[in-house]
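Residue numbers (the working numbering): 2 to 329.
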């Protein structure tokens, strides 16, 4: 595996700063734009770039790099939530590694926790960012940083995967196209689910989100109360409803106004917990940070303070104690 130095006169630094670029993320390859942004920054001399070769390569590269040294490493995921997921899964068992995000994918949901993509697109703010310990979701033998979900959302993501590379249907547009298709053929999913031993579903669900972050699907605030450092996961299960009622409730759900809303009383189950189990039918699959996993059963748990996430200098970061601003 080859690391490309962005600056020919790279200085020796105690921390390695490695930008991992997924050329397949988003509507087009962002490699040149990211390299140009690094070149123009004050931090170019300490930055390196690695360009992934295909699915799973980011995880393999990060894990191999971490295993080869005990020196501090910072990996900046350049892509969407799926790329961030791969980087996290490579770094999670190495305490000398931290993970950041330079969002340039079709979905950039996790960074909305801290106000959105804009604050993460300044290279110098990234390099001078603060490492904050956050929780992760463990689903089987994989980790998830943002949201694990299934049901209606699974059908949406499968449609997105087919069309997200088209410029006119990337990001939110791709998600809405997936929603439109799912309305016709994915209004219920067979499943049995428990939260800390309590059965919350034993039949069918429309959708279910298990959240560490706040957003899913580019702009849907599925878990407005979530804090990613409190050791608790937010579980929201919506029972099957008619298409008309779905359309009537969609705006409130997108705005994060569903919890405590009387309109959802007869169709939503909301819990906070540490251990969740899900078992589906023969064709069941679930989503980890936007990536489809085709498994019938999964045991899910929160792993407290599992990884250090890099919050760029000057942007707010929600903590269990309230918003904090990151300084150099």
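Note that the Cβ used here is the ideal one computed from N, Cα and C, for glycine as well.
What separation, rounded to the nearest whole angstrom, lies between the Cα atoms of residue i and residue j?
i: residue 184; j: residue 243; result: 10 Å
i: residue 101; j: residue 216; result: 18 Å
i: residue 237; j: residue 279; result: 13 Å
i: residue 316; j: residue 297; result: 40 Å
i: residue 283; j: residue 190; result: 11 Å
i: residue 60; j: residue 21; result: 10 Å
i: residue 48; j: residue 202; result: 48 Å
i: residue 309; j: residue 182; result: 38 Å
i: residue 211; j: residue 148; result: 6 Å
i: residue 55; j: residue 266; result: 44 Å
i: residue 251; j: residue 163; result: 23 Å
i: residue 123; j: residue 174; result: 26 Å
i: residue 33; j: residue 269; result: 45 Å
i: residue 246; j: residue 264; result: 10 Å
i: residue 42; j: residue 129; result: 12 Å
Could you tell me whether the Cβ atoms of residue i and residue j are closer together than 8 Å?
i: residue 85; j: residue 17; result: no
i: residue 53; j: residue 90; result: no
i: residue 303; j: residue 197; result: no
i: residue 187; j: residue 221; result: no
i: residue 131; j: residue 312; result: yes
i: residue 93; j: residue 51; result: no
i: residue 76; j: residue 35; result: no
i: residue 141; j: residue 299; result: yes
i: residue 27; j: residue 291; result: no
i: residue 146; j: residue 234; result: no
i: residue 281; j: residue 192; result: yes
i: residue 116; j: residue 80; result: no
i: residue 277; j: residue 301; result: yes
My assumption, with CB atoms under 8 Å, is that residue i sits in contact with residue j. Please give the rounded CB distance.
i: residue 125; j: residue 44; result: 5 Å
i: residue 241; j: residue 205; result: 5 Å
i: residue 1; j: residue 257; result: The requested residue 1 is not part of the displayed model; the chain covers only 2 to 329.
i: residue 208; j: residue 239; result: 5 Å
i: residue 176; j: residue 218; result: 4 Å
i: residue 104; j: residue 306; result: In fact, because the Cβ distance is near 23 Å, the residues do not count as touching under 8 Å.
i: residue 160; j: residue 287; result: Not quite, the Cβ-Cβ distance comes to about 16 Å (not below 8 Å), so this is no contact.
i: residue 88; j: residue 112; result: That belief does not hold up - the Cβ atoms of residue 88 and residue 112 are roughly 13 Å apart, past 8 Å.
i: residue 200; j: residue 179; result: Not a contact, Cβ separation roughly 29 Å.
Measuring alpha carbon to alpha carbon, tell me which residue in the options is nearest residue i.
i: residue 274; options: 264, 194, 66, 127; result: 194
i: residue 72; options: 82, 97, 78; result: 97
i: residue 82; options: 254, 214, 255; result: 214
i: residue 1; options: 95, 78, 40, 42; result: Residue 1 cannot be examined here, being either before or after the span of the chain that is shown, 2 to 329.
i: residue 228; options: 157, 174, 114; result: 114
i: residue 314; options: 127, 158, 151; result: 127
i: residue 38; options: 25, 29, 121; result: 121
For residue i, which residues does DSSP report across the bridge?
i: residue 62; result: Residue 62 pairs with nothing; no bridge assigned.
i: residue 243; result: Answer is none; residue 243 lacks a bridge partner.
i: residue 104; result: 80
i: residue 133; result: 310
i: residue 151; result: 209, 287
i: residue 200; result: 195
i: residue 74; result: 17, 98
i: residue 259; result: In the DSSP output, where bridge partners are listed per residue, residue 259 has none listed.
i: residue 271; result: 237
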